[in-house]
Every structure is written in structure tokens, then in C-alpha cells.
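Residues 4 to 277, numbered by this note's numbering, are exactly what the sequence shown covers, in order.
Just so it is clear, CB atoms sit at the ideal spot from N, CA and C, and this is done for glycine as well.
One structure below.
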Amino acid sequence: MTGKDPASELKKLGIRPSKSMGQNFLVDGGIADWIVAQAEIRPHESVLEIGPGLGILTRRLANLTDNLTVVELDRRLADKMNAMPGVHVIQGDILEVTLPELDKVVSNLPYQISSPVTLRLLEHGFSRAVLMFQKEFAEHLVAGPGEPAYSRISVMVGYRAETRILKHVGKGSFYPVPKVDSAVVSIIPRKPDFTILDENHFSETVRILFSHKNRKVRNGIMSEHAALRLDKTQAREIGDILPHNDKRPITLSPAQLAEISNVLVEKGMTFPRS
Numbered sequence: 004m005t006g007k008d009p010a011s012e013l014k015k016l017g018i019r020p021s022k023s024m025g026q027n028f029l030v031d032g033g034i035a036d037w038i039v040a041q042a043e044i045r046p047h048e049s050v051l052e053i054g055p056g057l058g059i060l061t062r063r064l065a066n067l068t069d070n071l072t073v074v075e076l077d078r079r080l081a082d083k084m085n086a087m088p089g090v091h092v093i094q095g096d097i098l099e100v101t102l103p104e105l106d107k108v109v110s111n112l113p114y115q116i117s118s119p120v121t122l123r124l125l126e127h128g129f130s131r132a133v134l135m136f137q138k139e140f141a142e143h144l145v146a147g148p149g150e151p152a153y154s155r156i157s158v159m160v161g162y163r164a165e166t167r168i169l170k171h172v173g174k175g176s177f178y179p180v181p182k183v184d185s186a187v188v189s190i191i192p193r194k195p196d197f198t199i200l201d202e203n204h205f206s207e208t209v210r211i212l213f214s215h216k217n218r219k220v221r222n223g224i225m226s227e228h229a230a231l232r233l234d235k236t237q238a239r240e241i242g243d244i245l246p247h248n249d250k251r252p253i254t255l256s257p258a259q260l261a262e263i264s265n266v267l268v269e270k271g272m273t274f275p276r277s
């Protein structure tokens, strides 16, 4: 463990861990050492940590690079990070702040924002991320077509990154102890090996189809006809021309889902934003 009492540290800062902010702090020094080692950080690489908490990862990262940025929403914790030499602190919401150019991302992420943060990081760009997630979310992140955990986030991350669970971490490695276990995931961005005519349209296609992930594609489109501002006849006609229309979305690869989106783009079909 850290060698310090996290409860005492937090009390000195006047902090009562907040569930709404996802404040379950990593306190296992051995796990922290292992996570940082997986990132293979070289001197001078630009590294981002999100939600540094009490700094168990931050101290280790700062020993490896002179270009470390941390983003912390809680001002009291941000002030604590400001006392660390060589650490650039951004106090604010990771979904709203301006990020620097990045090489690596290493974080114990607040579980409530795992999905939007992961997508934002992929849009921003980096070479490698080593991130701690709630175990269930991590399983969704790495799942492939046909697997029970395959979901919308599996598609939206999987088509532009290689993902792999590196290690499972028990709930006892955190303070306060959460109700669930965690997992460390490696994310390495790559370009998709298939064509997407419109990224936003692809995202909306996946959203619509996975709203009815266990129904055939054709039937899913029919079910959404009102939301898509189509009558039933129009929805049926569109469903009939789609590739893979007799398959369920949970069995389709990102490339196959892109085929569906591309046909809709070519036919001039647009989705209202969610």
C-alpha cells in the first residue's frame, strides 16, 4: 500500500470522498508501480493523468518525464498537485479543458465518465494509454462481435484502437473500497482498415442499431421509424436495402456496421442527433 493513511490525508484536505465524482483512490503502491511500467514512458514524453487523486501515480510518472500534465476537477486535490515539482496542473473537467499534445495517458479514471473520456482521448490523439476502469466497463471495451459484453462502446473504441485487458485489480486496492473490481486496459490507437464515409453518421448508426442490439438490423430500423422521422413504409424500404439486414447488431463487426452506415449516407439518409 502507499505507506500513508489515505483517510488522514483526505481529512487534512477537508475532503470526504464523493461518489458522484468517482473518488475511489488507488492506494496500492505495487499496483501503481505496475501500471506506470506498462506505459513504457521515455524521458520528455508528454504524459497525461486524469483524476490524480492523492498522487500515487503522479509521483511515479513525474520521476519518468519532465512533461507531465494532470487534470483534476476537485480544486483541493488540484492545489495538492500544484505543490509537486515538474507537474503541470489543469483544474477543471476533463471533458471541457484544452489538452496538450500527448504521447501517453496513464490514469485511474473516475468510473462515471469512462466512456466519454475514452472517446475524447481517441479523438484528441495519443500513442498509448494505460487506464484503470471498472471491470465490467473494461470487458465491454475489449469485447468483439458475438461476445456477451459486445456493445456500442466496443464498436466506437474498437474500430480505431487495439484494446487489451492487462490486469484485474481487486477492490481492496482502493479507498474507499468500491463495490466492484477494476481492470487495467491498454489502448493503442490505429487507423481503421475500412472506409467510413461520415464519422458522425457512423456513430449515430451504431447508436440506433445498438438500441435494439438483439433484433435484426431491419427490425431495429423499423422500431426507430418515428425517431428517424420516417413512416413505416419508408423505414421498411430502407431496412430492405441495407447490407446484413437479417443479422443482429451484436454479431456485426465495426467494418460491417460501417457498410450499413455508408449505404445510408449514399442514400441521403440522416439521423437526428441524440
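Separation of residue j from residue i, as counted between CA atoms
{"i": "residue 5", "j": "residue 228", "result": "At residue 5, the pLDDT of 47 sits below 50, so the modelled position is not reliable; the number obtained from the coordinates is stated separately. Their backbone Cα atoms lie some 55 Å apart in a straight line."}
{"i": "residue 14", "j": "residue 58", "result": "15 Å"}
{"i": "residue 65", "j": "residue 98", "result": "23 Å"}
{"i": "residue 266", "j": "residue 245", "result": "7 Å"}
{"i": "residue 274", "j": "residue 63", "result": "46 Å"}
{"i": "residue 19", "j": "residue 32", "result": "22 Å"}
{"i": "residue 83", "j": "residue 150", "result": "43 Å"}
{"i": "residue 313", "j": "residue 200", "result": "Shown here, the chain extends from 4 to 277; a query on residue 313 therefore has no answer."}
{"i": "residue 247", "j": "residue 262", "result": "9 Å"}
{"i": "residue 131", "j": "residue 253", "result": "27 Å"}
{"i": "residue 214", "j": "residue 148", "result": "16 Å"}
{"i": "residue 165", "j": "residue 123", "result": "16 Å"}
{"i": "residue 61", "j": "residue 67", "result": "10 Å"}
{"i": "residue 272", "j": "residue 250", "result": "20 Å"}
{"i": "residue 26", "j": "residue 183", "result": "14 Å"}
{"i": "residue 49", "j": "residue 72", "result": "8 Å"}
{"i": "residue 212", "j": "residue 86", "result": "48 Å"}
{"i": "residue 167", "j": "residue 12", "result": "34 Å"}
{"i": "residue 236", "j": "residue 243", "result": "11 Å"}
{"i": "residue 177", "j": "residue 23", "result": "16 Å"}
{"i": "residue 126", "j": "residue 256", "result": "21 Å"}
{"i": "residue 232", "j": "residue 35", "result": "50 Å"}
{"i": "residue 10", "j": "residue 152", "result": "35 Å"}
{"i": "residue 234", "j": "residue 206", "result": "23 Å"}
{"i": "residue 89", "j": "residue 202", "result": "38 Å"}
Boundaries (first-last residue) of the alpha helix (DSSP H) holding residue i
{"i": "residue 81", "result": "78 to 85"}
{"i": "residue 181", "result": "That residue, residue 181, is in no alpha helix (DSSP H); it is neither H nor E in DSSP."}
{"i": "residue 205", "result": "202 to 213"}
{"i": "residue 110", "result": "Note, residue 110: premise wrong, no alpha helix (DSSP H); beta strand (DSSP E) at 107 to 111."}
{"i": "residue 160", "result": "155 to 161"}
{"i": "residue 274", "result": "It is not in any alpha helix (DSSP H) - residue 274 carries neither H nor E in the DSSP assignment."}
{"i": "residue 65", "result": "59 to 65"}
{"i": "residue 39", "result": "32 to 41"}
{"i": "residue 123", "result": "117 to 127"}
{"i": "residue 225", "result": "220 to 226"}
Of the listed residues the options, nearest to residue i (C-alpha basis)
{"i": "residue 270", "options": "101, 241, 247", "result": "241"}
{"i": "residue 108", "options": "87, 206, 56, 39", "result": "39"}
{"i": "residue 55", "options": "204, 29, 103, 124", "result": "29"}
{"i": "residue 47", "options": "69, 27, 61", "result": "69"}
{"i": "residue 8", "options": "179, 231, 41", "result": "179"}
{"i": "residue 77", "options": "21, 225, 36", "result": "21"}
{"i": "residue 81", "options": "89, 161, 94", "result": "94"}
{"i": "residue 51", "options": "121, 216, 102", "result": "102"}
Integer-rounded CB distance, given that residue j should sit under 8 Å from residue i
{"i": "residue 135", "j": "residue 110", "result": "7 Å"}
{"i": "residue 105", "j": "residue 128", "result": "7 Å"}
{"i": "residue 74", "j": "residue 44", "result": "At roughly 17 Å, the Cβ-Cβ gap does not stay under 8 Å, so residue 74 and residue 44 are not in contact."}
{"i": "residue 115", "j": "residue 185", "result": "With 8 Å as the limit, residue 115 and residue 185 do not qualify as a contact, their Cβ atoms being about 14 Å apart."}
{"i": "residue 264", "j": "residue 208", "result": "4 Å"}
{"i": "residue 195", "j": "residue 163", "result": "6 Å"}
{"i": "residue 204", "j": "residue 268", "result": "5 Å"}
{"i": "residue 79", "j": "residue 175", "result": "Going by Cβ atoms, the distance from residue 79 to residue 175 rounds to 25 Å, so no, they are not a contact pair."}
{"i": "residue 140", "j": "residue 117", "result": "5 Å"}
{"i": "residue 225", "j": "residue 210", "result": "With 8 Å as the limit, residue 225 and residue 210 do not qualify as a contact, their Cβ atoms being about 16 Å apart."}
{"i": "residue 41", "j": "residue 160", "result": "Actually they are not in contact, since the Cβ atoms of residue 41 and residue 160 sit about 18 Å apart, beyond 8 Å."}
Residue interval of the beta strand (DSSP E) (run including residue i)
{"i": "residue 99", "result": "It is not in any beta strand (DSSP E) - residue 99 carries neither H nor E in the DSSP assignment."}
{"i": "residue 10", "result": "No beta strand (DSSP E) holds residue 10; the alpha helix (DSSP H) holding it covers 9 to 15."}
{"i": "residue 53", "result": "50 to 53"}
{"i": "residue 172", "result": "164 to 172"}
At least three beta-carbon pairs within less than 8 Å, the region 180 to 191 to the region 141 to 153: yes
| request: Take every Cβ of the region 161 to 180, pair it with every Cβ of the region 210 to 224, and state whether three or more of those distances are shorter than 8 Å. | output: With a cut-off of 8 Å, the region 210 to 224 and the region 161 to 180 do not count as touching, because too few Cβ pairs lie within range.
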